[in-house]
Each structure stands twice: as C-alpha cells, then as structure tokens.
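Q: Take a look at this one; I'll ask things after.
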Amino acid sequence: MATQAAPLIAAPAVTYLNHEHGVASWLLTKDHKRIGIMYLLVVTFAFFLGGVFASGIRLELATPAGDLVSSDTYNKLFTMHGVAMVFFVLIPAVPAILGNFVLPLMLGAKDVAFPKLNLLSWYVFVIGFAFTMYAMIAGGVDTGWTFYTPYSSRASNTNVVATGLGVFITGFSSILTGLNFMVTIHRMRAPGLTWFRLPLFVWAIYSTSLVQVLGTPVIAITTLSLAVERFLHFGIFDAALGGDPVLFQHMFWFYSHPAVYIMILPPMGAISEVIAAFSRKSIFGYSFVAFSSLAIAIFGFLVWAHHMFVSGISVYSALVFSFLTYAVAIPSAVKTFNWAATMYRAAIWLKAPMIWAIAFLGLFLVGGLTGLFTAALGVDVHLHDTYFVVAHFHFIMVGGAIMGYFAGLHYWWPKMTGRMYSDIWAKVAAIIVFAGFNLTFGPQFILGYLGMPRRYHVYPDEYQVLNVLSSAGASILAVGYALVGIYLMASLFKGERVGANPWHATGLEWTTQSPPLPHNFEVQPVVTEDAYEYALREVKVG
Amino acid sequence: MAEAAVTAHGDHGAHAHHHPDLQHHFDTLEQQHEAATLGMWMFLITEVLFFGGLFLAYMLYRVWYPEAWAEGSYQLNLTLGTVNTVVLIGSSLTMALAVRSAQTGLRRGTVVWLILTMLLGLVFLIIKYFEYAEKFTHHHVPGSNFAFPGPHAPQVQIYFSLYFLMTGLHATHMLIGFGLLSVIAWMAHRGRFSPEWYTPVEMSGLYWHFVDIVWIFLFPLLYLVDRAHVPG
Chain V
906 MATQAAPLIA
916 APAVTYLNHE
926 HGVASWLLTK
936 DHKRIGIMYL
946 LVVTFAFFLG
956 GVFASGIRLE
966 LATPAGDLVS
976 SDTYNKLFTM
986 HGVAMVFFVL
996 IPAVPAILGN
1006 FVLPLMLGAK
1016 DVAFPKLNLL
1026 SWYVFVIGFA
1036 FTMYAMIAGG
1046 VDTGWTFYTP
1056 YSSRASNTNV
1066 VATGLGVFIT
1076 GFSSILTGLN
1086 FMVTIHRMRA
1096 PGLTWFRLPL
1106 FVWAIYSTSL
1116 VQVLGTPVIA
1126 ITTLSLAVER
1136 FLHFGIFDAA
1146 LGGDPVLFQH
1156 MFWFYSHPAV
1166 YIMILPPMGA
1176 ISEVIAAFSR
1186 KSIFGYSFVA
1196 FSSLAIAIFG
1206 FLVWAHHMFV
1216 SGISVYSALV
1226 FSFLTYAVAI
1236 PSAVKTFNWA
1246 ATMYRAAIWL
1256 KAPMIWAIAF
1266 LGLFLVGGLT
1276 GLFTAALGVD
1286 VHLHDTYFVV
1296 AHFHFIMVGG
1306 AIMGYFAGLH
1316 YWWPKMTGRM
1326 YSDIWAKVAA
1336 IIVFAGFNLT
1346 FGPQFILGYL
1356 GMPRRYHVYP
1366 DEYQVLNVLS
1376 SAGASILAVG
1386 YALVGIYLMA
1396 SLFKGERVGA
1406 NPWHATGLEW
1416 TTQSPPLPHN
1426 FEVQPVVTED
1436 AYEYALREVK
1446 VG
Chain F
703 MAEAAVTAHG
713 DHGAHAHHHP
723 DLQHHFDTLE
733 QQHEAATLGM
743 WMFLITEVLF
753 FGGLFLAYML
763 YRVWYPEAWA
773 EGSYQLNLTL
783 GTVNTVVLIG
793 SSLTMALAVR
803 SAQTGLRRGT
813 VVWLILTMLL
823 GLVFLIIKYF
833 EYAEKFTHHH
843 VPGSNFAFPG
853 PHAPQVQIYF
863 SLYFLMTGLH
873 ATHMLIGFGL
883 LSVIAWMAHR
893 GRFSPEWYTP
903 VEMSGLYWHF
913 VDIVWIFLFP
923 LLYLVDRAHV
933 PG
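These protein sequence lines map, in sequence, to chains V and F.
Letter by letter, the first sequence follows residues 906 to 1447 in the numbering used here.
Letter by letter, the second sequence follows residues 703 to 934 in the numbering used here.
Encoded structure:
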C-alpha cells in the first residue's frame, strides 16, 4: 500500500449509472454515455468472435497440410474474421465507444446534437450485427471480407446476401454517428471553446466523421447493387452479362480504403491525449497534428486504387495512385514526429495508458513504413496478396488501431466507471500484447516476402517454422487480451475509487465527477485556455 | 426581446419560459434549428454519394455501350416520364408553399399544401407503377425473363438494370418522403408549429426537394439520352 495517507474518495451520489435502473432505462436511454457503454458491450463481443475465428486460422496454419479444417471452412474462417473485426470492431471501437462517451464531455455539452438519432444508430448497428451473425450461424460466407465479384456474385453459394445486408445496415449506423458528431462539434461547443482550443481527439473524431459521412454511402450502394445482382440477376458487375468486376473493386475500395482511416484516425486522437497527459506537456505542434488529421481524411479518398495495381488498371493511373499513396505518409509522419517531439525531454509519467500508447507508436511506425513498400508499383507486384500485406495491415489495424483504442480505454476507464484498474496488471498486459503481437505478425512479413500467398490453408513445408512462430505469438496475444478483460472486470468491483481527475489531465471531461452526472456538468463550463496547458498546472505526479 | 435577454441570463426559474419544443441539451431554439439544418444538409450529402455510386456505373457503361444506351432509352415511355417530371416539380412548388405557410404561421395553409404535395407524390408513384408494369409485359426487366432483339441484348440489360436500380431507389425515397410528410402534416394539423419553431417542416422540405432534384438528373439521363440516334 502507498505510504501517503491519501483520503479515500467517496462515490458520487448521483451518476449517469445510478440515476435510473433497469434494462429499459438502458435500452431506451438517450444519454451518450450509456450508449457508449452499450457499444462497448457489443463491440467486445464481436472482438471475441473475431478472435475465435482468428484462432481457427492460426491453428490450421500451424501445420503445412490442411488437416484441421477443409479449404471451404478455412475460407469462411478468414472471411468471418475479417467481417467481424473490420465492420464490428475496428470501425466502431473508438468513435462509437470512446467518442460517444467523451466527445460531449470534451465539448462541455450536455449531450450530442441528436440524442435520439444516437440511440437509433446503436439499434441499427445491432440489427446489422444480427444479420451478420445470422449469416455466420446459417453456414457462413466465404468470399473474403472484400466481397470481390465474381466470387460474391457468381461463384459463392454461401450467405453473401445476408452478410452484405449486415454490412449495408451497419453502414448507416456509422453514417448517422459521423453526422451526429460533426454537428455536435460544430454547434455544441462550450463558450470559449474555439476550434483551436479543441482537444486533438475532437479533431480526429471530426476528420473521421467526414470520412464516415462521405465514404460509407458508397459501400452501401455497392453492397446493395451486389445483393440485387445476386437476388434478381441484374447485371452490374457480372462479366458474363457485360458488366465489369473491376468496377466493383473501384466502388468497394472508394469506401474501404478511407475506412482504414476511420479505424486509425480516432485511435490517433486518443494517443494525442494520452501522450500529452503523461508527458505533462503541451502537444508539440498542435495545429500540425490537428490539420494532419484532416489531411489524412482528404488524401485518404484519393488512394483507393493502390489495392488494384494488379487488377489490370492502366499504368498511368497506377502511377498517380502510387504517388498519392506516398503523399498520405506525410501527414502520418507529421503525427508520429510530433508525438515523439512531445515526449522528448518530458517528465514522462509511465502509467498504464502511456505504455499502451508507446506500444502504439512503435507498431504504427512499422505498419506505416511497410505500407510504403506495398505502395511502390514494382514491389507491390511481388508482395500483392501475400502475407507481407497481411502483416502490414495488421500492424496498422491491430498494432495501431487496437493498441490506440486500449490506450484510450485505459485513459478514460476511471472516468467511465469511477474506479481504477490495477496499474501493474495493465502494464503487464500491454507488454504481453506487444510481445505476442510482434511474434504473430513479424514472421508474416518474411513469409510474404518469401512468397506465401494469403487465404490458403495449405503451404509448402519450408514455411512451417515461421508459421509456427506466428501461431505461438497468436496464443500469447490471446492471453494478453484475456488479461485485459479480467483486470478491467475486476476493477468494477474492487478497483479503487477515483476523483474527478486521477491523471491530473487537462480537458473538460476531467472537470466533472467520475462517473459523470447524468447531464455531465453541474454548471455550464467556460473555456479560457488552450488544450494541454500542462505547464500551468502545479501538480506533482509520479 | 428584452424579456428573452433577461431569461437567457437569468435565474433557474427561467426554465419555465422555455419553448416546449426546446430540447434539454440545447440552449436556444436558434441553436437547435442550426443543428438540425446542418445535420439535414449533411444527410443530403450522404445521399448524393449514395446515388453517386449508381451514377458512376451509369457513366462507365454509357461510355462503353452507347448503342445499347440509345436502344434502351428508346424503350422508355417519354410521355409518362415527362408528365411525371412536371408532377414532381409541381410537388416541389407545393412543398415550398407549405414551408412558407409554416413560417408565416398559417396552420391550415401548411396542412393543405402538405397534403397536396403528398397527392402529387402519389400521382408520381402511380404513373411509375404503370411504367414498371409495361416493362414487365415487354420482358424488359433484367433477369431470366429478359428478352431484347438485336446484338446488344446483354448491354441493354445492363441499361435496364441501372434503370430499375436508380428509379427504384428514387421511388423508395419518395415512399419514405410520403411517410415523413404524413407525420408532418398530422403535427401541423395539431398546431405543433409556429413561426418560432417550424424546423421539421423545413427539414422535410429539404428532403423532398432533394428527391425531386435526383429525378431532374434521372429523367434526361434515362429517358432522353441518345434518343435521337435511333430511327423511330
């Protein structure tokens, strides 16, 4: 126990958690904080489900022969892993859980602009998830999460339409959430909270919302057209009917590449908060970090065809798309350098969220740099559809997005629950996840470079050592994630109660009690200083 | 006006003066109206991108198969299409008048103009029904029953696939708009709107005009395109 006689903190009398009770009070709530928690439950379940599918993949790949599952089952495993993780974990994780919870608090608002629409978004999300679950239970789907035609239009006999409808419906949840957040940021800021006083998390959410609002409708119309094509035999993408399968790829990636930025921008925002808070410094180059979010969102719309360098697109357009893809590296690097510069010569307070954030920095760096390999036209011909690409995007999606999500979750957990988890276990888990992650996906870079293609369940014997390493890493990763679940759950019952601001952080969300009041603030906050004025705070930490 | 200024900065008793339609998380009706307007325009932008995917497909295939596009568009009923265009533009006029009536506090006027808008929408859908029925009898509906003379049959089928997807999606939006307006008309009838607060009327007006504008693009692209190139 700590030797200082810290006064025990009493639980606040009225919080958003206890002011009303019963299942109906949750299912009919318009409170952004409760809706955030409801997303947390669904997304965590989807994460578990996606993890189970991933385990199946890694178990099968432990041996060169296809001895655990048939090739058809394997196709379903990686498809459903992708669908669950992309549409039901990565896209909603930070915006819908953390964004919902902290965005209005950060803005000093009572709620988002459209609370009913916010609840509707959750229901739409759950209905979309139910469709996808139905498709999984009814026999699965085997086209890959990319639904490429003609696999999805002609070749597959699996539940493509149900899964496509699930994605279509879930898309509207994403659109409505993005729309809601953008209007909230425009119209609900506290007095004095000018654009350049906003926390960088808000800039990140704003940029993300822009992508959600502009990109998601395109995937909606694409999956709808695909469903109509399958159901009614309309010819839009079917080459046998004169249609163009490559058009599907263009339309699919017009959304699905920007979707990568829906997944990574919000965790980047969370990382900015955590790094500033635990470096006890103002973020280095605030406006550069803020505008780099917008730049990523805008450039993100101009690079989709880099997924199609071997799909027969013209050399000249490939050249342009390759160049633009390199351009996206600039704002990403701006962020990374600014975070590093913030930490430079700072009195870093190494609490658990910071460990997760530092792990993010390392893994995102590798993920980003390997992206440049695949953006190079000649190199991509060699690497396309190999494990190199799999490793690259897992470094971004898991090493980046999920690590950033966990950094944010650990940072705001005491605000959400009013209790602190075990710092030491959280650090141990972060290190286990970091180690397990590198062991899982590090070898896959080499496998891909050596020529192992993705989406096959048998492979030549010489790839086995690296595959066994990868599978071993995956089991360590699973232990790490399970540990996070265990100590976070335990903290709900045994965690020490915290006051309004356990991290002595800046930001309006830390000025109200933990857990917050039903309507967030007792009096309307007024902002008089920039974000991250840590230099003005005399608190000694660590 | 002076009283409003006092209540805005006054004590908590001021809540009693709040407009009944002011939601708890907004400070003023103006803020609430601005949020709704911004949200609605953003929703319409998502709709532009939603239809945009189909316009992209249309553009690609029209460049690839100009003959099929000419032959396909020649099969559409130009008279019914033109009548429907006029009907829809008329409904936008009545919708604008409904918003105007709500703005000036004419309760009866709002209800009447809204009902007229819905009736015109209904006329549009009925005419569309007859057009679709004609396509069924002529085997112009894509799928196993599709039949078209000449060498461009597969490409003409793509034309009709896009025709049905685009007009079908448009008609779905009309149906949603019809439902929306019936709720708004009922609210107007119950006297829920005033010159102070008529945001829902204005928002559904924006939606209705958007659906109208989509048709303004669909009509020339589907009915009139390359029509002159095919001999009668």
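Cβ atoms here follow ideal geometry from the backbone N, Cα and C, with glycine treated the same way.
1) Closer than 8 Å, CB to CB, is H1409/V near chain F or not?
2) Cβ of K1256/V within 8 Å of Cβ of F1196/V?
3) What does S863/F reach in chain V if we use C-beta pairs closer than 7 Å?
4) Determine the direct distance from the alpha carbon of A873/F to that of L821/F, and round the result to whole angstroms.
5) Count the other CB atoms within 10 Å of the CB of M1394/V; is the residue buried (16 or more) or exposed (fewer)?
6) Anything in the region 917-947 of chain V with a Cβ closer than 8 Å to a Cβ of chain F? List those residues in chain order, please.
7) Could you check whether R1092/V and Q733/F sit closer than 8 Å to each other, using their CB atoms as the reference points?
8) Using a Cβ-Cβ cut-off of 8 Å, state whether K1015/V counts as contacting chain F.
9) Report yes or no: do three or more beta-carbon pairs, one from the region 1148-1157 of chain V and one from the region 1185-1201 of chain V, lie closer than 8 Å?
10) Using a cut-off of 8 Å between C-beta atoms, extract the partners of Q777/F located in chain V.
11) Just by C-beta distance, which residues in the region 1071-1084 of chain V are closer than 7 Å to chain F?
12) In chain F, what lies closer than 7 Å to H1091/V by C-beta?
13) With DSSP as the reference, identify every bridge partner of R1324/V, one or two as the case may be.
14) Whose Cβ in chain V lies nearer than 7 Å to the Cβ of S846/F?
15) Quick one: what's got a C-beta closer than 6 Å to Y1392/V's C-beta in the same chain, skipping five residues either side?
16) Using a Cβ-Cβ cut-off of less than 7 Å, give me the residues of the region 1122-1136 of chain V that come near chain F, in sequence order.
17) Whose C-alpha, out of R892/F, T748/F and S846/F, is nearest the C-alpha of G1083/V?
18) Can you tell me whether DSSP reads N980/V as helix, strand or coil?
19) Anything in the region 1087-1112 of chain V with a Cβ closer than 9 Å to a Cβ of chain F? List those residues in chain order, please.
20) When we look at the beta-carbon of Y1221/V and count the other beta-carbons within 10 Å, is it buried (16 or more) or exposed?
21) So, L1025/V versus L1081/V, is the Cβ gap smaller than 8 Å?
22) Below 8 Å on the Cβ atoms is my contact criterion, and I expect I1337/V with G1390/V to pass it. Report the Cβ-Cβ distance as a whole number of Å.
23) For a contact defined as C-beta to C-beta under 8 Å, what are the partners of M744/F on chain V?
24) Going along the chain, which unbroken runs of the alpha helix (DSSP H) with 4 or more residues stay wholly within the region 995-1080 of chain V?
25) What does N873/V pair with, by DSSP beta-bridge criteria?
26) Look at the alpha carbon of A970/V and the alpha carbon of S1057/V, and state the distance between them as a whole number of angstroms.
27) When you compare the CB of M1011/V with every CB in chain F, is at least one pair closer than 8 Å?
28) How would you call V913/F, buried or exposed, if buried means at least 16 neighbouring beta carbons within 10 angstroms?
29) Take V1066/V and list the residues in its own chain whose beta-carbon comes closer than 7 Å to its own, dropping the five residues that flank it on each side.
30) Scan the region 1406-1440 of chain V for residues whose Cβ lies nearer than 7 Å to a Cβ of chain F and list them as they occur along the chain.
31) Among N1005/V, Y1364/V and T1048/V, which one has its Cα closest to the Cα of T1291/V?
32) So which residues on chain F does M1213/V lean against when the C-beta distance must stay under 8 Å?
33) Just tell me which of F757/F, L883/F and S846/F has its CA closest to the CA of M905/F.
34) Tell me which residues share the same chain as A1334/V and place their Cβ nearer than 6 Å to its Cβ, disregarding the 5 neighbours each side in the sequence.
35) Check this for me: beta carbons of G893/F and A800/F, under 8 Å apart or not?
36) Sort out for me which residues DSSP pairs T1291/V with in a bridge.
A: Let me lay it out:
1) no
2) no
3) F1139, G1140 and I1141
4) 15 Å
5) Counting other Cβ atoms within 10 Å of its Cβ, M1394/V stays below 16 and is therefore classed as exposed.
6) none
7) yes
8) yes
9) Because the criterion of three Cβ pairs below 8 Å is not met, the region 1148-1157 of chain V and the region 1185-1201 of chain V do not touch.
10) Result: empty, since nearest Cβ-Cβ is about 16 Å, beyond 8 Å.
11) I1080 and L1084
12) L740
13) R1402/V
14) H1138
15) Y1326, S1327 and W1330
16) P1122, V1123, A1125, I1126, T1127, S1130 and V1133
17) T748/F
18) helix
19) Going along the region 1087-1112 of chain V in chain order, one finds M1087, V1088, T1089, H1091, R1092 and M1093 with a Cβ nearer than 9 Å to chain F.
20) exposed
21) yes
22) That pair is no contact at about 13 Å.
23) L1084, M1087, V1088 and V1118
24) 1005-1012 and 1020-1042
25) Look at the range of chain V in this structure, 906 to 1447, and you will see that residue 873/V is not part of it.
26) C-alpha separation (whole angstroms): 27 Å.
27) M1011/V does not count as touching chain F.
28) buried
29) A1132, R1135 and F1136
30) none
31) Y1364/V
32) Simply none; closest approach about 15 Å.
33) L883/F
34) G1385, L1388 and V1389
35) no
36) Beta-bridge partners assigned by DSSP to T1291/V: P1358/V.
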